[in-house]
DNA sequence: AGTTGTGAAGGTATTCACAGCG
DNA sequence: CGCTGTGAATACCTTCACAACT
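Protein chains in written order, with the numbering used here: chain V, 1 to 209; chain P, 210 to 418.
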């Protein structure tokens with residue numbers, strides 16, 4: 001039995017939360033409810049779906065470390081790391097160059113691209129930066145399968161097309177452009193406007209309740 | 210009857226997409242299916258839930274402009290604009306200072322905060338930037354209700370607490386920290402790791418299908 | 001023809017309620 | 001007892017199939 005999409009999202013956040021905690025003291029589902037706002041039975045149900053894990057719960061709650069590990073495994077985070085690149089090194093794109101959040105994940109940010117050669121020379125990173133025209137070379141050679149798209153809105157679609165030609169199968173889209181891609185490709189849109197939108201929608205819904 | 214959360218997310222993206230199109234030529238639900246990947250009947254069902262709008266469809270599809278307007282209205286985007294601030298003006302935070310994407314939305318980014326006074330003086334924006342200790346003053350005075358949180362991870366929770374004390378009811382959280390907030394407050398997490406996570410989860414699910 | 005719009009059916013996710021365990 | 005774990009019930013969302021309209 002698989003894990004449902006909403007459950008996977010909750011579990012992923014849960015794992016992050018657990019790793020931020022003191023590993024020694026166990027935590028109950030009701031405490032997690034207080035912290036996350038999700039009902040405790042939903043949390044327990046989500047966790048019960050990971051049923052391969054041993055020793056994650058005691059009589060007084062869950063062991064944060066073991067639970068986090070079990071979640072990571074169930075979500076496939078222990079497999080071969082996914083190699084990623086960031087495309088477009090403007091303000092948003094370049095902010096990933098020194099982002100520490102990738103540590104301990106199975107995502108390996110290992111290349112950056114920008115059409116402006118100047119930028120590439122100025123910026124520093126722990127991995128190589130390339131001019132945009134080298135995408136078709138570099139992406140297959142490094143086995144990169146996912147891209148973080150941070151180019152200006154006008155170039156979003158054409159850049160996505162090139163990335164897909166180069167072998168990218170997953171796109172995290174930071175531009176406001178809605179991308180049109182083949183069936184086999186997956187896109188995850190990250191938009192501040194959408195985030196604010198669903199935020200205010202939920203706040204509005206809360207009022208009428 | 211209200212609009213479901215998943216439907217609201219689709220509609221919000223749909224509105225963005227429609228506004229990027231030629232306003233003169235109408236578009237059918239099947240074309241939208243090709244572009245977005247969502248089944249045409251889901252799109253039609255979503256649209257039918259907005260049933261207050263007039264003249265949004267003809268015999269050969271929808272009028273992009275009218276449909277976008279109807280969606281915006283149904284999602285509550287025509288009401289009083291929501292005033293927002295950005296907190297933490299590092300790489301990510303400062304990238305919002307000149308972000309054009311707010312134009313035409315009901316979100317009004319009207320203040321920035323940072324604990325580093327130097328940064329405030331160096332950075333330029335179309336709205337005022339304040340030192341962090343002025344939050345309690347400025348936020349109520351400008352009627353700001355939502356905040357975009359871009360501070361370093363270690364300061365996320367304490368900054369969120371201060372924002373809530375100052376009257377913020379909605380938080381878009383760009384830090385990897387899971388925030389603990391009162392019932393009345395809404396948080397929307399925006400995390401590159403979560404985005405990559407659900408992306409790869411979907412790609413993995415696709416393979417086994 | 002080709003399109004939207006929608007009641008009804010089907011499938012998923014959440015909630016409940018309680019069994020089972022330490 | 002308080003906690004987790006889970007079958008059963010409920011609520012929700014999506015899909016289907018077809019009516020209605022141009």
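C-beta: ideal position from N, C-alpha, C; glycine also.
DSSP three-state call for residue i: helix, strand or coil?
| i | result |
| --- | --- |
| residue 169 (chain V) | coil |
| residue 89 (chain V) | coil |
| residue 402 (chain P) | helix |
| residue 310 (chain P) | helix |
| residue 108 (chain V) | strand |
| residue 230 (chain P) | coil |
| residue 215 (chain P) | helix |
| residue 58 (chain V) | strand |
| residue 64 (chain V) | helix |
| residue 156 (chain V) | helix |
| residue 340 (chain P) | strand |
| residue 178 (chain V) | coil |
| residue 236 (chain P) | strand |
| residue 15 (chain V) | helix |
| residue 257 (chain P) | helix |
| residue 124 (chain V) | coil |
| residue 140 (chain V) | helix |
| residue 407 (chain P) | helix |
| residue 95 (chain V) | coil |
| residue 75 (chain V) | coil |
Quick check: what's the CA-CA separation for residue i versus residue j?
| i | j | result |
| --- | --- | --- |
| residue 70 (chain V) | residue 165 (chain V) | 36 angstroms |
| residue 288 (chain P) | residue 281 (chain P) | 10 angstroms |
| residue 178 (chain V) | residue 244 (chain P) | 8 angstroms |
| residue 65 (chain V) | residue 18 (chain V) | 7 angstroms |
| residue 211 (chain V) | residue 127 (chain V) | With chain V covering 1 to 209 only, the question about residue 211 (chain V) has no answer from this structure. |
| residue 346 (chain P) | residue 303 (chain P) | 22 angstroms |
| residue 14 (chain V) | residue 68 (chain V) | 8 angstroms |
| residue 123 (chain V) | residue 115 (chain V) | 13 angstroms |
| residue 140 (chain V) | residue 87 (chain V) | 15 angstroms |
| residue 113 (chain V) | residue 55 (chain V) | 44 angstroms |
| residue 203 (chain V) | residue 32 (chain V) | 22 angstroms |
| residue 253 (chain P) | residue 217 (chain P) | 13 angstroms |
| residue 334 (chain P) | residue 342 (chain P) | 19 angstroms |
| residue 172 (chain V) | residue 215 (chain P) | 19 angstroms |
| residue 105 (chain V) | residue 46 (chain V) | 21 angstroms |
| residue 360 (chain P) | residue 368 (chain P) | 8 angstroms |
| residue 383 (chain P) | residue 237 (chain P) | 36 angstroms |
| residue 16 (chain V) | residue 406 (chain P) | 12 angstroms |
| residue 317 (chain P) | residue 305 (chain P) | 12 angstroms |
| residue 3 (chain V) | residue 37 (chain V) | 20 angstroms |
| residue 119 (chain V) | residue 201 (chain V) | 39 angstroms |
| residue 42 (chain V) | residue 57 (chain V) | 16 angstroms |
| residue 98 (chain V) | residue 135 (chain V) | 21 angstroms |
| residue 30 (chain V) | residue 21 (chain V) | 16 angstroms |
| residue 131 (chain V) | residue 117 (chain V) | 6 angstroms |
| residue 363 (chain P) | residue 392 (chain P) | 23 angstroms |
| residue 257 (chain P) | residue 290 (chain P) | 26 angstroms |
| residue 149 (chain V) | residue 338 (chain P) | 28 angstroms |
| residue 163 (chain V) | residue 370 (chain P) | 41 angstroms |
Looking at residue j and residue i, is the spacing between their C-beta atoms short of 7 angstroms?
| i | j | result |
| --- | --- | --- |
| residue 259 (chain P) | residue 283 (chain P) | yes |
| residue 110 (chain V) | residue 142 (chain V) | yes |
| residue 353 (chain P) | residue 300 (chain P) | no |
| residue 404 (chain P) | residue 190 (chain V) | yes |
| residue 156 (chain V) | residue 85 (chain V) | no |
| residue 378 (chain P) | residue 394 (chain P) | yes |
| residue 40 (chain V) | residue 62 (chain V) | no |
| residue 199 (chain V) | residue 397 (chain P) | yes |
| residue 176 (chain V) | residue 310 (chain P) | yes |
What does residue i pair with, by DSSP beta-bridge criteria?
| i | result |
| --- | --- |
| residue 291 (chain P) | P:316 |
| residue 358 (chain P) | P:296, P:382 |
| residue 188 (chain V) | V:172 |
| residue 114 (chain V) | V:131 |
Would the C-beta of residue i count as close to the ligand GTP, meaning under 6 angstroms from any of its heavy atoms?
| i | result |
| --- | --- |
| residue 24 (chain V) | What this structure holds is no ligand at all, so the ligand GTP is not there to describe. |
Beta carbons nearer than 9 angstroms to chain P: which residues of the region 116-145 of chain V have them? From the region 116-145 of chain V, only 145 have a Cβ closer than 9 angstroms to chain P.
Of all the residues that make up the region 62-94 of chain V, which are near chain P by a beta-carbon distance shorter than 8 angstroms? Residues 75, 76, 77, 82, 84, 90, 91, 92, 94.
What residues in the region 155-178 of chain V have a beta carbon less than 7 angstroms from any beta carbon of chain P? Going along the region 155-178 of chain V in chain order, one finds 169, 170, 172, 176, 177, 178 with a Cβ nearer than 7 angstroms to chain P.
For the region 222-241 of chain P, enumerate the residues whose C-beta is nearer than 7 angstroms to any C-beta of chain V, in chain order. Listed by position along the chain: 222, 225, 226, 229.
Using Cβ-Cβ distances below 8 angstroms, what residues of the region 191-204 of chain V are close to chain P? Of all residues in the region 191-204 of chain V, those with a C-beta nearer than 8 angstroms to a C-beta of chain P are 191, 192, 193, 194, 195, 196, 197, 198, 199, 200, 201, 202, 203, 204, reading in chain order.
Beta carbons nearer than 7 angstroms to chain P: which residues of the region 98-109 of chain V have them? For the region 98-109 of chain V, which is checked against every Cβ of chain P, the residues closer than 7 angstroms are 101, 105, 107.
Give the residues from the region 33-47 of chain V that approach chain P closer than 9 angstroms (Cβ to any Cβ), ordered along the chain. Cβ contacts with chain P come from 34, 35, 36, 37.
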